[in-house]
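Asker: Here it is: the structure, laid out below.
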Amino acid sequence: MSQRKQPKRPGGSQHNHNQTTRSHQESRQSSRNQREPQHASKRPHNSHHHHVLAGHNSNADTTSFFDLPEEVQLMIGHSLTQHQLTVSVRVCRAWGALYKPILWKHVEDSASRRTRHWAAGRDDALLACIGRSILKTHCRMIHSLRLELSNVDFADLQARRQLPSTFPQLTSVELIGVSGSDNDIANFLRRGSPAGWKRIVFRTNHPEVSSRFGNESAKEVLKHAATLEVLRVEGAWCLSSTEIQKLLCGLPKLKEFFVLGSAQLYVPPDPSLKASDLVASRWVCTNLEVFGRSIGEVPRAKPKTKDHQKSINLQRQVCAQLGRFHKLRELILKAPYPIYDAHDPRRFNEHESHSCLAWSLESGLDLLRNLKDLRKVGLEDMDVDIGNPAEQAWVKKHWPHATVWFPKNPEPSPRISIYGNHDDDDDDDYNSGLDSNDSNIPIRQRIIAAIEDDYYVADEYDPDWEADDYYDKYGLYGVRVVFFLLCAI
């Protein structure tokens, strides 16, 4: 076969120069290949990003990821998703060493967030991790830990001896659905970073969980006064008024304090923060942005009596204490109980609190006028006067951006639920716990509708933890409730 003649290149010196350039490029590429790991050929290649990094450089096709400064490589790693990081650490050893600390810095069980009930037969994420010793293996790299659990007892975790004795860098923890004694929780808090906790969140996602965040746990929390910014313990907890006041007077860096006990039937609520304890000493957390705790034991006497004036003076002292925190965004003073009245859900509530702040202009509402950043105010199940015309006009003027939940609200919003799956940055934190389609449907109507839909068939039972009926994995408890309710009606 005849060879096709190539056109003669003008200028021999230029031709020799090009050959020399290509030779140098090939030499550099060969040297670079020797420096890179054996599996470098498997690493993903993105021509678009490659072009952006290289700009208009004529040698753009020879730029390697490992030619970039280490700071740039780490910057790219921090921009990757959790899934992308998981894939990247398997590309080669060099990538694994570079990105594994980023991958394990924040551990979050995102899959379980989509499963908010305790369906039988589902393995708990934390127990699965412990069984494979994952947390123990990577404990030195974990900075924050968020896991939504099914019904894990701290005592059981201690018995397994699979948790590390300490998480050297762990400063943030969020455990949902945890149960255990006060001592068990305190022992877990001792496993945190010696540098100090910054964020502590414990949530129960069902009232049957018998967690007790009590005196021993509070003592451990106070040891981290120099660093702690967020303390949220929500659900069936147990802290006295004195212990609550000690926390508020001993945690100067605190920005979020949300400690609300049980708000369900058959589960005794935590004691309220007594108004007399609250005014006894000043809180030191001057940068407080979120406050959630019931304030009680406020004497409410008849007007124009001596006791009435004492009550007004005490309430104004409480409001003066709250009015000091100009950065407050959320002020939640009551976790509402479920409503059972079949005719008018807001007509009667046996759990309504009467020994609470009146929230009237006379009792100190005007002392809160500087709380311009308020967005959420929770006064549900409280005997308050904030719904009166004068108080409503004041709220519109001084709290223009706030949504206020209170009994008999002419514009009712979905009820606040602490048994939801909260994201602190979500505007609907307190609406997510209940389905807006059935949150105000009386329980009798819900149970009858459940029967019509075969909701309690054992093989298909999928419990609704936001409903007022309790879980029974065989579906028989719901049938018994239906029988007795229908007989009573």
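Start counting the sequence shown at 555; every next residue gets the next number (our numbering). By construction, the Cβ of each residue, glycine as well, lies at the ideal position given by its N, Cα and C atoms.
Comparing C-alpha positions only, which one of Val-645, Leu-887, Leu-743 and Ala-944 sits nearest to Val-872?
Answerer: On the sequence shown, residue 872 is found 318 positions in, with the first residue counted as 1. Considering only alpha carbons, the answer is Leu-887.
Asker: In chain order, what residues of the same chain have a beta carbon less than 7 Å from the beta carbon of Trp-658, not counting five sequence neighbours either side?
Answerer: In the sequence shown, counting from the first residue as 1, residue 658 sits at position 104. Only His-692, Met-695 and Ile-696 meet the Cβ criterion.
Asker: On the DSSP letters alone, give me the boundaries of the alpha helix (DSSP H) that Lys-654 sits inside.
Answerer: Along the sequence shown, one-based indexing puts residue 654 at 100. First-last of the alpha helix (DSSP H) with Lys-654: 647-657.
Asker: Taking the alpha carbon of His-632 as the reference point, which residue from Arg-647, Asp-621, Ala-648 and His-660 has its own alpha carbon closest?
Answerer: For the purposes of this step, residue 632 is taken as the residue at position 78 of the sequence shown. Taking only the C-alpha atoms, the option nearest His-632 is His-660.
Asker: Looking only at DSSP bridge pairs, what is Phe-721 linked to?
Answerer: Translated into the one-based positions of the sequence shown, residue 721 becomes position 167. Answer by DSSP bridge pairing: none, since Phe-721 is not bridged.
Asker: Three or more beta-carbon pairs under 8 Å between the segment 793-810 and the segment 830-850, yes or no?
Answerer: Taking 8 Å as the limit for Cβ pairs, the verdict is that the segment 830-850 does touch the segment 793-810.
Asker: Determine the burial state of Asp-621: buried for a count of at least 16 other Cβ atoms within 10 Å of its Cβ, exposed for fewer.
Answerer: Against the sequence shown, residue 621 aligns to sequence position 67. Its Cβ having fewer than 16 others within 10 Å, Asp-621 is exposed.
Asker: Taking the C-alpha atoms as reference points, what is the distance between Ser-909 and Ser-826?
Answerer: Counting from one through the sequence shown, the residue named residue 909 turns up at place 355. Counting from one through the sequence shown, the residue named residue 826 turns up at place 272. Rounded to the nearest angstrom, the two C-alpha atoms are 10 Å apart.
Asker: Take Phe-812 as the anchor and find which of Pro-806, Cys-792, Val-787 and Asp-831 has the nearest alpha-carbon.
Answerer: On the sequence shown, position 258 is the one that residue 812 refers to. Looking at the Cα atoms, Val-787 is the closest of the given residues.
Asker: Please report the distance separating the alpha-carbon of Arg-883 from that of Gly-877.
Answerer: On the sequence shown, residue 883 is found 329 positions in, with the first residue counted as 1. On the sequence shown, residue 877 is found 323 positions in, with the first residue counted as 1. About 12 Å.
Asker: Take Asp-738 as the anchor and find which of Gly-768, Thr-725, Glu-851 and Ser-726 has the nearest alpha-carbon.
Answerer: In the sequence shown, counting from the first residue as 1, residue 738 sits at position 184. When only C-alpha atoms are compared, the closest one is Gly-768.
Asker: Residues in its own chain within less than 8 Å of His-880 by CB, not counting five upstream and five downstream?
Answerer: Along the sequence shown, read from residue 1 onward, the residue named residue 880 stands at position 326. Closer than 8 Å at the Cβ level, and outside the excluded window around His-880, lie Asn-924, Leu-925, Lys-926 and Asp-927.
Asker: According to the Cβ coordinates, are Ser-914 and Asp-939 closer than 8 Å?
Answerer: Counting from one through the sequence shown, the residue named residue 914 turns up at place 360. Counting from one through the sequence shown, the residue named residue 939 turns up at place 385. Yes, the Cβ-Cβ distance between Ser-914 and Asp-939 is below 8 Å.
Asker: Using only CA atoms, which one of Leu-933, Thr-859 and Ile-630 lies nearest to Phe-845?
Answerer: The residue you call residue 845 lines up with position 291 of the sequence shown. For Phe-845, the nearest C-alpha among the options comes from Leu-933.
Asker: Measure from the alpha carbon of Ala-648 to the alpha carbon of each residue in Leu-628, Lys-950 and Ser-865, then state which is nearest.
Answerer: The residue labelled residue 648 in the question sits at position 94 within the sequence shown. Taking only the C-alpha atoms, the option nearest Ala-648 is Leu-628.
Asker: When the Cα atoms are used, what is the spatial distance from Arg-766 to Phe-742?
Answerer: Position 212 of the sequence shown, counting from 1, holds the residue named residue 766. Position 188 of the sequence shown, counting from 1, holds the residue named residue 742. Near 13 Å, if we compare the C-alpha coordinates of Phe-742 and Arg-766.
Asker: What does the alpha-carbon distance come out to for the pair Ala-651 and Ser-642?
Answerer: The sequence position of residue 651 within the sequence shown is 97, counting from 1. The sequence position of residue 642 within the sequence shown is 88, counting from 1. Looking at the two C-alpha atoms, the distance is approximately 10 Å.
Asker: If you measure between the beta carbons of Leu-814 and Leu-782, is that distance less than 8 Å?
Answerer: Counting from one through the sequence shown, the residue named residue 814 turns up at place 260. Counting from one through the sequence shown, the residue named residue 782 turns up at place 228. Against a cut-off of 8 Å, the Cβ pair of Leu-782 and Leu-814 comes out as no contact.
Asker: When DSSP builds the beta bridges, which residues end up paired with Ser-907?
Answerer: Here residue 907 is taken as the residue at index 353 of the sequence shown, counted from 1. Looking at the DSSP assignment, Ser-907 forms a beta bridge with Met-936.
Asker: Please classify Glu-810: does DSSP put it in a helix, a strand, or coil?
Answerer: To locate residue 810, count along the sequence shown from 1; it is residue 256. Note: Glu-810 maps to strand in three-state DSSP.
Asker: The alpha helix (DSSP H) with Leu-628 in it runs from where to where?
Answerer: Taking the sequence shown and counting its residues from 1, one reaches residue 628 at position 74. Per DSSP, Leu-628 belongs to the alpha helix (DSSP H) from 624-632.
Asker: Does DSSP put His-880 in a helix, in a strand, or in coil?
Answerer: Taking the sequence shown and counting its residues from 1, the one referred to as residue 880 is at position 326. Note: His-880 maps to coil in three-state DSSP.
Asker: Alpha carbon to alpha carbon, how far is Thr-720 from Lys-828? Give it in angstroms, no decimals.
Answerer: By one-based count along the sequence shown, residue 828 stands at place 274. By one-based count along the sequence shown, residue 720 stands at place 166. In a straight line, the C-alpha of Lys-828 is about 37 Å away from that of Thr-720.
Asker: Exposed or buried, which one is Arg-753 when buried takes at least 16 other CB atoms within 10 Å?
Answerer: Against the sequence shown, residue 753 aligns to sequence position 199. The residue in question, Arg-753, is buried, as its Cβ has 16 or more Cβ neighbours within 10 Å.
Asker: What are the boundary residues of the alpha helix (DSSP H) that includes His-952?
Answerer: Taking the first residue of the sequence shown as position 1, residue 952 is located at position 398. 943-952 is the span of the alpha helix (DSSP H), which, as asked, contains His-952.
Asker: Can you tell me which residues form a DSSP beta bridge with His-660?
Answerer: Position 106 of the sequence shown holds residue 660. Answer by DSSP bridge pairing, in chain order: Ser-698.
Asker: For Ala-956, which residues in the same chain have their Cβ closer than 8 Å to its Cβ, ignoring the five residues on either side in sequence?
Answerer: Residue numbering aside, residue 956 sits at position 402 when the sequence shown is read from its first letter. So the list reads Leu-928, Arg-929, Lys-930, Val-931 and Val-949, once near-sequence residues are dropped.
Asker: Hey, could you find the ends of the alpha helix (DSSP H) Glu-770 is sitting in?
Answerer: For the purposes of this step, residue 770 is taken as the residue at position 216 of the sequence shown. Taken as a continuous stretch (DSSP letters only), the alpha helix (DSSP H) holding Glu-770 covers 769-776.
Asker: Quick one: what's got a C-beta closer than 7 Å to Ser-907's C-beta in the same chain, skipping five residues either side?
Answerer: As a first step, residue 907 is located in the sequence shown; it is residue number 353 there, counting from the start. These residues qualify, in order along the chain: Gly-850, Lys-888, Asp-935, Met-936 and Asp-937.
Asker: How long is the line joining the alpha carbons of Asp-736 and Trp-751, rounded to whole angstroms?
Answerer: Sequence index remark: in the sequence shown, residue 736 carries index 182 (1-based). Sequence index remark: in the sequence shown, residue 751 carries index 197 (1-based). When rounded, the distance between both Cα atoms is 18 Å.
Asker: Give a yes or no on whether the C-beta atoms belonging to Gln-869 and Ala-912 are separated by under 8 Å.
Answerer: Walking along the sequence shown from the start, residue 869 turns up at place 315. Walking along the sequence shown from the start, residue 912 turns up at place 358. For Gln-869 and Ala-912, yes; Cβs fall inside 8 Å.
Asker: Suppose you measure from the CA of Val-775 to the CA of Asp-831; what does that come to, to the nearest Å?
Answerer: Numbered from its first residue, the sequence shown carries residue 775 at position 221. Numbered from its first residue, the sequence shown carries residue 831 at position 277. Whole-angstrom Cα-Cα distance: 20 Å.
Asker: So what does DSSP say about Thr-691, is it helix, strand or coil?
Answerer: Numbered from its first residue, the sequence shown carries residue 691 at position 137. Helix, per DSSP.
Asker: So, is Ala-740 buried or exposed, given that buried needs 16 or more other C-beta atoms within 10 angstroms?
Answerer: Taking the first residue of the sequence shown as 1, we reach residue 740 at position 186. Ala-740 is buried by the Cβ-count criterion.
Asker: What does the Cβ neighbour count give for Glu-797, buried or exposed, with the cut at 16 atoms within 10 Å?
Answerer: As a first step, residue 797 is located in the sequence shown; it is residue number 243 there, counting from the start. By the neighbour-count rule (16 or more Cβ atoms within 10 Å), Glu-797 is buried.
Asker: Can you give the Cα-Cα distance for Phe-902 and Gly-734, rounded to whole angstroms?
Answerer: What you label residue 902 is simply residue 348 of the sequence shown in a count that begins at 1. What you label residue 734 is simply residue 180 of the sequence shown in a count that begins at 1. No answer about Phe-902 holds up, because its pLDDT of 44 lies below 50 and its placement is not dependable.
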